[in-house]
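J.:
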Amino acid sequence: MLECKLQEPKVFRSVVEAMSEHIKECNFEFTREGLKMQALDSSHIAFTFVTLSATWWNEYRCDDEALLLGVNLETLLKILKCGPDNSLLALSYENDDDEVSELKVKFEVDRGEKKDVAEFALKLTHIDPMEEEVPELTWTNELEMPTQELFRIARDISLFSEIMVLEFDKDKLRISCSSKESTADYLVHPFEDSTNASNSVRMNIEAPFKVSLTTHYVLSFAKNKNINERVVIKMIDAETPLMFSFSMKEGSGICYYIAGRLTD
Amino acid sequence: DANQPSITSFFSKL
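Heads up: the protein sequence lines correspond to chains A and B, in order. Count the first sequence with the numbering used here and you get residues 1 to 264, in order. Count the second sequence with the numbering used here and you get residues 265 to 278, in order.
1. Sort A:81, A:169, A:143 and A:120 by Cα distance to residue 17 of chain A and report the nearest one.
2. Quick one, which residues of the stretch 228 to 258 of chain A are near chain B if we go by CB-CB under 8 Å, in chain order?
3. Who are the near neighbours of residue 241 of chain A in its chain, counting only those whose CB is closer than 7 Å to its CB and skipping five residues on each side?
4. If we ignore side chains and look at the alpha-carbon of each, how far apart do residue 221 of chain A and residue 113 of chain A end up?
5. Thinking C-beta only, is residue 56 of chain A closer than 8 Å to residue 5 of chain A?
6. Is the Cβ of residue 135 of chain A closer than 8 Å to any Cβ of chain B?
7. Do you know offhand how far residue 173 of chain A's Cα is from residue 253 of chain A's?
8. Would a check of beta-carbon distances place residue 22 of chain A closer than 8 Å to chain B?
9. Give the interface partners of residue 142 of chain A over in chain B, defined as CB-CB distance under 9 Å, in chain order.
10. Secondary structure at residue 164 of chain A, three-state DSSP: helix, strand or coil?
11. Beta-carbon separation of residue 162 of chain A and residue 75 of chain A under 8 Å?
12. If you reduce the DSSP assignment to three classes, tell me which class residue 19 of chain A lands in.
13. Please determine, among A:188, A:212 and A:213, the residue with the shortest C-alpha to C-alpha distance to residue 202 of chain A.
14. Helix, strand or coil for residue 268 of chain A? Go by DSSP, reduced to three states.
15. Going straight from the alpha carbon of residue 70 of chain A to that of residue 15 of chain A, what length do you get?
16. How about the stretch 126 to 137 of chain A and the stretch 25 to 37 of chain A: do they share at least three Cβ pairs that are nearer than 8 Å?
17. Since I believe residue 168 of chain A is in contact with residue 235 of chain A (beta carbons under 8 Å), could you give me their beta-carbon distance rounded to a whole number of angstroms?
18. Are residue 150 of chain A and residue 211 of chain A close, meaning C-beta to C-beta below 8 Å?
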């Protein structure tokens, strides 16, 4: 049996919305430790990894050691959009029901002694488990900046070029693009905002390097403003995939791995 | 897009 409840359905909706940017369907792996979702986009360019630990939920119970539920993200997102922000979201699954395999989604709104309830059932599908595993990487370079700022730059660059070049230096990040018609250059410097720490830019770059990324992937990662207003980019060098990370409470979060382009 | 390598090829190499 599985049952988990959340008082902020908006946050879970944001997670599913972020995943559905790249992925049509994926396995939800429920264990006693929490929910994990990992999937590749159809082009196998970006790897998305989500952890929602048991303590991240307001209530969490999974009796099985591992429960793999194949979920169509587009349909789940449609259901989640039906839930009022002030409702209690409950996900449940009964694995003794052999006839229909479905994830139940319920929204409850307190009305004094009574509750308004909306219930949905999402039919599950079989998805072969992913064989790929994220390798352990020792990140040597790290940059942390406002998600909104990365979003703004990626959105602007997407108007000009499908490719963006990131040059990480010890004291600055240059993001640029060029096309036949124009070029664009952004310089981002580390700084501490003493009145609002969320505006700060922090970088710890041991060895400067340059990498080209496909713009629309960076833009879609940066849409995670609702997950965390800060994005952390972890790197090693131009030959190793970069990780874009948006953390949440209780060791939960969403992160993406993407490799740099070969040559442009 | 020939210049954008798949992430799986990296994972298998690492």
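The C-beta atom is built at its ideal place from N, Cα and C for all residues, glycine as well. Computed from a predicted model, the values in this text were never measured in an experiment.
T.: Per the coordinate set shown:
1. Proximity to residue 17 of chain A across A:81, A:169, A:143 and A:120 peaks at A:81, based on C-alpha coordinates.
2. Answer set for the stretch 228 to 258 of chain A: 240, 241, 257 and 258.
3. In its chain, beyond the 5 residues on either side, 257, 258 and 259 have a beta carbon closer than 7 Å to the beta carbon of residue 241 of chain A.
4. The alpha-carbon of residue 221 of chain A is positioned some 42 Å away from that of residue 113 of chain A.
5. Judged by their CB atoms, residue 5 of chain A and residue 56 of chain A are not nearer to each other than the 8 Å cut-off.
6. It does: the Cβ of residue 135 of chain A has a partner Cβ on chain B nearer than 8 Å.
7. Distance between residue 173 of chain A and residue 253 of chain A, taken at the CA atoms: about 25 Å.
8. By this cut-off, residue 22 of chain A is not an interface position.
9. Going along chain B, no residue has its Cβ under 9 Å from residue 142 of chain A, so there is no contact; the nearest lies around 19 Å.
10. In the structure shown, residue 164 of chain A sits in a strand (DSSP, three-state: E or B).
11. With contacts defined as CB atoms closer than 8 Å, residue 162 of chain A and residue 75 of chain A fail to qualify as a contacting pair.
12. In the three-state DSSP reduction, residue 19 of chain A falls in the helix class (H, G or I).
13. Considering only A:188, A:212 and A:213, the residue with the shortest C-alpha distance to residue 202 of chain A is A:188.
14. There is no way to answer for residue 268 of chain A, as the model of chain A reaches only from 1 to 264.
15. Straight-line Cα distance between these residues: approximately 16 Å.
16. Yes, they touch.
17. With a beta-carbon spacing of about 7 Å, residue 235 of chain A and residue 168 of chain A fall inside the 8 Å limit used to define contacts.
18. The answer is no: Cβ separation not under 8 Å.
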